[in-house]
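Trainee: Going by the numbering used here, the sequence shown opens with residue 848, and the numbers climb by one from there. C-beta atoms are modelled at their ideal positions from N, C-alpha and C, and glycine is treated no differently. Before we start, here is the structure in question, set down as C-alpha cells.
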Amino acid sequence: MAKPQTTLVPRSRRVGASVESPVRRYFKEVRFRQIRSLVELARHGSFAATASALGLAVPSVWQQIRSLEDEYGVQLVVAEGSKVALTEDGRMLVDLASPLVESFDGLRAMFEDRRRVESRTLTVVAPAALLSGALRKPIILYRQHHPTVKLVLLDRPSYLARQIMEQDDADLAIMGMAPGDEAMPQFDCRPLARFAFYLMCPAGHALARARQLTLAAIVGEPLVLAPEESSSHRQIRHVFAQAGLAGRMNVTMTATNRALLLNYVAIGFGVSIGTSAASVKPPKRGAGEAEVVVRDVASLFGHEDVFLVQRKGRFEPAHVHAFRQLVEKALASKEQVAPLKTH
C-alpha cells in the first residue's frame, strides 16, 4: 500500500496565503466593520475570540481582514498556530483606527445627550376653526407635556394646508376634504372626525322660522362663508351644484374665523353656513345687532370629514408621534355633531 502523501504547512504564514477561496471576492471600498474587525483582532489575539466578541463566524472575520490587506496592499496579520500577531503595518493601522472605532462606539451616547438638549420643532397646519375649536385641548396638553418643543401652528384653509404639506413645509396637517378633491397618494390620510353643517341667521329671519329648510330657500340669501379654499365652502358649493343651484349662489363675505362669521351675520351681512368644528358661541347682541339663531342643516349639506395628513414612508420622531396621538384621542374618529347653543 502506498504511503499517504503529506504536505507541510509553515508555522508562520500570511493569513490566507496558502488558501484561496473558489469564489472571487469584490471589495470596492473599505467598510467600517472591516476596520473594527482588525482593531478587535489586535485586542483579542485570535480569530475565534474576535468572532465571538463581534457575534460573527470565524470565516467572516478572516474575510474582512483579508479584504483590508487586499485594499491596502500590505500584510496586516500573521497567523502563528491558533494565535494571530500584527505586522508592523498592522500595528500602525490599528493605532490610527482605534480612536475612530472608540468614537463611533460612543456615537449613540453622544447622540442621545445632544437630543436631550437640542430644541425640537413641530409644525402643524390646520384651518382656524379647527385650531380654535377641536384642536384647542390637544394643543394645550401638548405644550404642558412637551414644553421644550417649539410648536408652530399655521392657520390655513384646507386646500392651502394641502399645498403646504405637498411643499414639505409642515409635519402634520389636520384638514377637511370635500367631495371631488384629488387623491393624495403620497400621504397617509387618517379619518379623525365628522362635523355637522349648521345654518346661522338672524332670529327674525324667515329661515329661522321656517318649519322645513330647503336648498332653494337658502341659496337665494346673501351667504357668509369660509374662504373658497376651505373644505366646507367647497362642499357647500358642490351640494348646490348637484341640485343645479350653483349659479344662484351669492357669497357676500368670507372669513376664516368662526367668531367673525357669526358677527357678520349679527350685523346683517347675510346668513352663514358652517360646521361644528369650532364650538364658538354666537356673539352677545350689541346695539343694532340681531340675535343669531343656529339650525342643523346636516340633512341638506351632510358633514365635513376631517383627516390627519402625514407624508408616507418617513420616520416619525417621538415629538411628532406624541402630538398625533393627542389629536387622535381627542377626536376619537367619531361624529362631532353636538348642536351649538343659540342666543
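Measure the C-alpha to C-alpha separation of threonine 1103 and valine 948 and round it to an integer number of angstroms.
Mentor: Working through the sequence shown from its first residue, we reach residue 1103 at position 256. Working through the sequence shown from its first residue, we reach residue 948 at position 101. So the alpha carbons of these two residues sit roughly 57 Å apart.
Trainee: Determine the closest residue to alanine 1088 out of Met957, Pro1038 and Pro1026, with distance taken between C-alpha atoms.
Mentor: The residue labelled residue 1088 in the question sits at position 241 within the sequence shown. Here the closest residue by C-alpha is Pro1026.
Trainee: Suppose you measure from the CA of proline 857 to the CA of glutamate 927; what does that come to, to the nearest Å?
Mentor: Counted from its first residue, the sequence shown places residue 857 at position 10. Counted from its first residue, the sequence shown places residue 927 at position 80. Interpretation of proline 857 is limited by its pLDDT of 39, a score under 50 that renders its predicted location unreliable; no figure is taken from the coordinates.
Trainee: If we require 4 or more residues per run, which alpha helix (DSSP H) segments fall completely within the region 1013 to 1075?
Mentor: 1053 to 1056 and 1062 to 1066
Trainee: Helix, strand or coil for methionine 1100? Go by DSSP, reduced to three states.
Mentor: On the sequence shown, residue 1100 is found 253 positions in, with the first residue counted as 1. Methionine 1100: strand per DSSP, three-state reduction.
Trainee: Taking only three categories from DSSP, how would you classify isoleucine 1114?
Mentor: As a first step, residue 1114 must be located in the sequence shown, where it is residue number 267. Three-state result, isoleucine 1114: coil.
Trainee: For glycine 1121, which residues from the same chain have a beta carbon less than 8 Å from its beta carbon, with the 5 sequence-adjacent residues on both sides left out?
Mentor: Counting from one through the sequence shown, the residue named residue 1121 turns up at place 274. Ala976, Phe1044, Tyr1045, Met1047, Leu1072, Ala1073, Ser1079, Arg1105 and Leu1108.
Trainee: DSSP three-state label for lysine 1159, please.
Mentor: Translated into positions along the sequence shown, residue 1159 becomes position 312. If DSSP states are grouped into helix, strand and coil, lysine 1159 belongs with coil.
Trainee: Under a Cβ-count criterion, where at least 16 other Cβ atoms within 10 Å of its own Cβ denotes burial, should methionine 957 be classed as buried or exposed?
Mentor: Position 110 of the sequence shown, counted from the start, is the residue given in the question as residue 957. The residue in question, methionine 957, is exposed, as its Cβ has fewer than 16 Cβ neighbours within 10 Å.
Trainee: Would you call the CB atoms of valine 1156 and aspartate 1002 closer than 9 Å?
Mentor: The residue given as residue 1156 occupies position 309 in the sequence shown. The residue given as residue 1002 occupies position 155 in the sequence shown. Their beta carbons are not under 9 Å apart, which means valine 1156 does not touch aspartate 1002 by this criterion.
Trainee: For glutamine 911, count neighbouring Cβ atoms within 10 angstroms of its own Cβ and tell me buried if that reaches 16, exposed if not.
Mentor: Along the sequence shown, read from residue 1 onward, the residue named residue 911 stands at position 64. When all chains shown are included, glutamine 911 counts as buried.
Trainee: Strictly by DSSP, which residues pair up with isoleucine 1120?
Mentor: Walking along the sequence shown from the start, residue 1120 turns up at place 273. Paired residues: Leu1046.
Trainee: Let me check understanding here. Comparing Cα to Cα, which of Thr968, Asp1015 and Glu1163 lies closest to arginine 990?
Mentor: For this step, residue 990 is matched to residue 143 along the sequence shown. When only C-alpha atoms are compared, the closest one is Thr968.
Trainee: What's the gap between the Cα of arginine 1171 and the Cα of leucine 982?
Mentor: In the sequence shown, counting from the first residue as 1, residue 1171 sits at position 324. In the sequence shown, counting from the first residue as 1, residue 982 sits at position 135. Looking at the two C-alpha atoms, the distance is approximately 11 Å.
Trainee: Among the residues of its own chain, which have a CB less than 6 Å from the CB of lysine 984, if the five just before and after it don't count?
Mentor: By one-based count along the sequence shown, residue 984 stands at place 137. The residues are Ala1177.
Trainee: Determine, using beta-carbon pairs with one atom in the region 1051 to 1058 and one in the region 1145 to 1164, whether at least three such pairs fall under 8 Å.
Mentor: Touching, no, given that fewer than three Cβ pairs across the two stretches are closer than 8 Å.
Trainee: Give the secondary structure of histidine 1150 by DSSP, where H, G and I count as helix, E and B as strand, and everything else as coil.
Mentor: Numbered from its first residue, the sequence shown carries residue 1150 at position 303. Histidine 1150: strand per DSSP, three-state reduction.
Trainee: Please name the residue, chosen from His1166, Leu978 and Pro994, that lies closest to leucine 1000 on a Cα-to-Cα basis.
Mentor: As a working note, residue 1000 is residue 153 in the sequence shown. When each option's Cα is compared against that of leucine 1000, the closest is Leu978.
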